[in-house]
Structure formats: structure tokens, C-alpha cells
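Everything on this sheet refers to the single structure shown next.
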Amino acid sequence: MNLRNLIAIALLAAACTTNDRNGSLVVTGVVVGKFTAATPTTSAACTYNAGDGEEILPNYNTAGSVNRASAGFVVKNQLIDVSTLNTALNAATNNFSPHQAVVDYEILPSTGAAPVTLAQQIIPVSSGAVPSQTSQVVVVELFSPATVLAAVNGLTDAFVRTTTRIEGKLDDGTTVSTSDHDYVVHVCNGANCAFEACF
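In terms of the numbering used here, the sequence shown is residues 8 to 206.
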């Protein structure tokens, strides 16, 4: 395969979008942070590992959770590192820098009542760049918007379906977005609602 073909493949990969989503930026799962207690020399911390398995139906306890459903979205950057095609002329421009999450919400009461849709929210995210051909965790506080938190805190037993995409820029300045990812959170209250300290 000659250099011209490799460049054409790289350009096609960078241009692959569907409804403003880049097919090469994929949310492959959601992880919940692992809590490490404070010691005399270190502070308490939550650690997110892209290699952990996806947490299914995590509990969010309205009486005890303090992290507003902090979910680690694993973003896989499948774009080609163009600097490897010609090191003299190309820079690594396909690194993805996340800026915000765009989240849609649907509350599904456990009583069987009709679902309730909340307004779409844009949430700042916490993450470094996701280099080409790697996976990194992008932390999103799903319940941080005030209107969402108010709606969730009024629930005692329900499911909240979130549909999230991560928006940001490539190093060349192109604005891009990941694929959508659905994630369901169980909202509960009381002693029988165990929850992760980092969620």
C-alpha cells in the first residue's frame, strides 16, 4: 500500500460522521470510580480505570450520594495517528480533547407510570486528551444540572435513562462528537439502597 492510499484512508476516517457524530470516536462503556480512603499522607480519591467492566444499573441514593452520579465514559479514539504516515510533514492532529457532554434524560418510574422526559443538558467534563488509537475515561456528573438534580431528588424508586455523547475538538481544531451511549441509573432512597461512594 503506497503513501497516497494511506493518506486517503486517514482522510476518510476523519470525515466519517453521522448526525455530527464521528464514527471513529466511540463510547465503549461506562465505569464507576473506585474509592480509596484517606490516609495520614494522602487524600481520599476516586479512581476511574478504562479497563474496568461496565457497571450495570448503579444505585444513586437520594439520601446519601454526594457525587451527583459521576460516571466515567470510556471514549475510544480510533482515528489514525497521521504523524506516523510522514514524520517530516505531519503532526499528531487526531488527538481528541473533550469539552462537554450532551445528555438527554428519561425518568422511568418503577410504578409503571408514564415516562417523564427532562430537557437536554450540556455538562462540562473532566478529562485530558484522548490520543489516537487509545481509550480514556471522561468523567461526567450526570445529575449535576440543578433541574435534573431537583427532579431526581424527588424520586424514591425509579430508573433514569441517560443518552450521552461527548463533544470536543481534535488538535487540528475540528469540532467533533462521540457516538451516543445509553446508560441507566437506578434512583432509590433508604437503607436498602447501597451505593458506590464515588457515584
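Beta carbons: idealized from backbone N, C-alpha and C, even for Gly.
Would the beta-carbon of residue i fall within 8 Å of that of residue j?
i	j	result
A204	F42	yes
N196	T69	yes
V194	L162	yes
P138	Q107	no
R28	R168	no
Y55	V144	yes
N97	L177	no
V82	E61	no
F103	H188	no
V123	S134	no
Nearest-angstrom Cα distance between residue i and residue j?
i	j	result
S142	V34	9 Å
T219	Q85	This structure cannot speak to residue 219, because the chain is shown only from 8 to 206.
V192	A126	17 Å
S77	L115	20 Å
T154	G175	24 Å
C23	S31	For C23, the predicted model reports a pLDDT of 43, less than 50, meaning its position is unreliable and no value from the coordinates is stated.
Q140	A121	42 Å
A201	A136	33 Å
I87	N199	47 Å
G58	N160	31 Å
F206	S184	25 Å
S50	A44	7 Å
T91	A99	8 Å
T48	V89	43 Å
Have a look at the DSSP bridge pairing and note the partners of residue i.
i	result
Y55	Partner(s): none; Y55 has no beta bridge.
S90	None, per the DSSP bridge assignment.
V155	BP columns for V155 are empty, so no partner.
Q107	P131 and E174
N84	L32 and T141
P116	A165
S50	DSSP, once it has assigned bridges, lists no residue as partnering S50.
Sort the options by Cα distance to residue i and report the nearest one.
i	options	result
S186	V110, A120, G180 and A57	V110
T170	A198, D164 and Y112	Y112
Using the rule of at least 16 other Cβ atoms within 10 Å of the residue's Cβ for burial, across every protein chain shown, is residue i buried or exposed?
i	result
G36	buried
L64	exposed
N74	buried
Q128	buried
G40	buried
P105	buried
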